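Student:
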Amino acid sequence: MGQSGIELSVIIATHNNLPTLQKGLESWARFAADQPVELLVVEDGCTDGTREYLDGLACGGWNGPALRVLHEDNAHELVCTNRGLAEARGDLMLSWHDDMFILQPWFIPELLATFRAYDDVGLLALSRGLVFSPIDEPVVTWDDTVDWRRMRSTVGPAPLNWARLYEVDGVMRPWAVRRACVEKVGPLDPVFRPTEWDESDLCFRIREAGWKVATHGYERDGAYVHQLSTTYGRTPSAKRQEIGLRNGSIFYERWSDAIRRDHARTRKTWLRRATAAGWASTARQIARFAAGRRDAP
């Protein structure tokens with residue numbers, strides 16, 4: 004256990020998104036107030052009243068988990084996440100968005116139990132992971148970086164992915180990582196600032212250091228909801244495509260040999276460490292999918 008009895012440090016970078024941030028923090032107060040959790044909210048140069056709101060909570064107007072407020076000056080997501088990783092007191096650290104809302108009290112206990120049970124899991128994605136495959140075509144355009152022949156989004160093979168964690172190569176936020184991993188390989192690489200491809204680069208460094216990277220669809224299980232959970236499928240702006248191409252090119256230049264070497268390996272799976280409530284919630288979600296009320300991923 005980390006400092007002051009904290010097991011999990013939740014890092015939330017925010018910039019001018021006050022109503023959504025308030026809703027997100029309220030979900031932590033409702034469903035995790037009794038958990039060994041701290042929230043590190045990194046206020047990134049907000050001008051919409053966020054700083055004053057957070058300072059008020061930190062001064063005593065808060066009934067949720069331990070809360071600390073950190074300030075940056077429009078440093079962007081990667082830098083804010085690294086600030087949280089450096090300041091965190093828990094042995095487990097969670098990179099979380101300000102537009103993600105917890106829906107179930109079993110979520111955090113299961114996450115903690117998973118890392119206690121599986122020492123070889125260094126980082127766990129909570130929505131979807133990425134599996135990379137080598138192709139001979141060069142990376143020239145943004146579309147090349149996300150070509151699904153080269154990079155496939157996955158929650159693992161169905162139908163056992165409801166009950167298991169599945170080994171992957173890279174991840175998308177949210178994800179939880181062991182402090183020991185960050186201490187061994189370093190935080191997110193600032194070369195990827197402001198964001199994109201930084202977390203997959205971290206995953207490859209963690210794998211090179213001997214841990215495994217896994218994913219499980221906790222959002223699909225009903226544990227939390229991401230208000231912008233379809234962001235990955237939306238058409239990015241020209242500026243974001245420019246950044247994505249630059250960062251994707253760096254990533255593939257750095258890790259293409261490892262992708263070619265390891266892509267065909269047998270991928271490990273782990274049984275979820277779910278509570279009875281977690282299994283019951285998952286069963287309800289499976290029924291919803293089976294009834295066709297949601298599209299299966």
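Numbering (our numbering), first residue to last: 4 to 300. Note that the Cβ used here is the ideal one computed from N, Cα and C, for glycine as well. Remember, predicted model here, so these are calculated numbers, not experimental data.
1) Which stretch, first to last residue, makes up the beta strand (DSSP E) that contains Phe-104?
2) Determine the DSSP secondary structure at Trp-99, reduced to helix, strand or coil.
3) Leaving out five residues before and five after Pro-177 in sequence, what residues of the same chain have Cβ atoms less than 7 Å from its Cβ?
4) For His-266, does the count of other Cβ atoms within 10 angstroms reach 16, so buried, or fall short, so exposed?
5) As an exercise, report each continuous beta strand (DSSP E) stretch of at least 3 residues that is fully enclosed by the region 10 to 97, in chain order.
6) Determine the closest residue to Leu-191 out of Phe-254, Tyr-227, Pro-141, Arg-287, with distance taken between C-alpha atoms.
7) If you drop the 5 nearest sequence neighbours on each side, which residues of the same chain put their C-beta closer than 6 Å to that of Phe-34?
8) Is DSSP giving Thr-269 helix, strand or coil here?
9) At what residues does the alpha helix (DSSP H) containing Phe-195 begin and finish?
10) Could you tell me the alpha carbon to alpha carbon distance between Ala-303 and Trp-282, rounded to whole angstroms?
11) Would you call Glu-256 buried or exposed, if buried means 16 or more other Cβ atoms sit within 10 Å of its Cβ?
12) Within 10 angstroms of its Cβ, does Arg-263 collect 16 or more other Cβ (buried), or is it exposed?
13) What is the DSSP secondary structure of Val-216, counted as helix, strand or coil?
14) Quick check on this structure: which residue in Ala-279, Gln-230, Cys-206 has the alpha carbon closest to the alpha carbon of Gly-189?
15) Could you tell me which residues DSSP pairs with Val-134 in its beta bridges?
16) Count the other CB atoms within 10 Å of the CB of Arg-152; is the residue buried (16 or more) or exposed (fewer)?
17) If I'm right that Val-158 touches Arg-210 with Cβ under 8 Å, what's the distance once you round it to whole angstroms?
18) Let me confirm a value: Ser-12 is counted as buried when at least 16 other C-beta atoms fall within 10 Å, else exposed. Which label applies?
19) Under three-state DSSP, which class holds Ala-241?
20) Please list, in chain order, all residues of the same chain as Tyr-121 whose beta carbon is under 6 Å from its beta carbon, the five residues on each side excluded.
21) Report buried or exposed for Gly-87, applying the criterion of at least 16 other Cβ atoms within 10 angstroms of its Cβ.
22) Indicate the three-state DSSP secondary structure (helix, strand or coil) for Val-142 in the structure shown.
23) Identify the continuous alpha helix (DSSP H) that holds Leu-115 and give its terminal residues.
Tutor: For this structure:
1) Counting along the chain, the beta strand (DSSP E) containing Phe-104 begins and ends at 103 to 105.
2) Residue state, collapsed to three classes: strand.
3) Cβ neighbours of Pro-177 within its own chain (closer than 7 Å, five residues either side excluded): Leu-97, Ser-98, Trp-99, His-100, Met-103, Leu-129, Ser-130.
4) By the neighbour-count rule (16 or more Cβ atoms within 10 Å), His-266 is not buried but exposed.
5) Taking 3 residues as the minimum length, the beta strand (DSSP E) runs contained wholly in the region 10 to 97 are 11 to 17, 40 to 47, 69 to 75, in order along the chain.
6) Cα-wise, what sits closest to Leu-191 is Phe-254.
7) Cβ neighbours of Phe-34 beyond the five flanking positions: Ile-105, Pro-108.
8) In the structure shown, Thr-269 adopts coil according to DSSP, grouped into three states.
9) Here Phe-195 belongs to no alpha helix (DSSP H), and DSSP marks it neither H nor E.
10) Nothing can be reported for residue 303, as the shown portion of the chain is limited to 4 through 300.
11) Around the beta carbon of Glu-256, fewer than 16 other beta carbons lie within 10 angstroms, which makes this residue exposed.
12) Residue environment analysis places Arg-263 among the exposed positions, since fewer than 16 neighbouring C-beta atoms fall within 10 angstroms of its C-beta.
13) Three-state DSSP puts Val-216 in a strand.
14) Comparing alpha-carbon positions, the option among Ala-279, Gln-230, Cys-206 lying closest to Gly-189 turns out to be Cys-206.
15) Beta-bridge pairing links Val-134 to Arg-155.
16) Arg-152 should be labelled exposed.
17) About 19 Å separates the CB atoms of Val-158 and Arg-210; that is not less than 8 Å, and the two are not in contact.
18) Burial call: buried.
19) Helix.
20) Closer than 6 Å at Cβ, skipping near neighbours: Trp-273.
21) Gly-87 is buried by the Cβ-count criterion.
22) Coil, per DSSP.
23) DSSP places Leu-115 in the uninterrupted alpha helix (DSSP H) bounded by 110 to 120.
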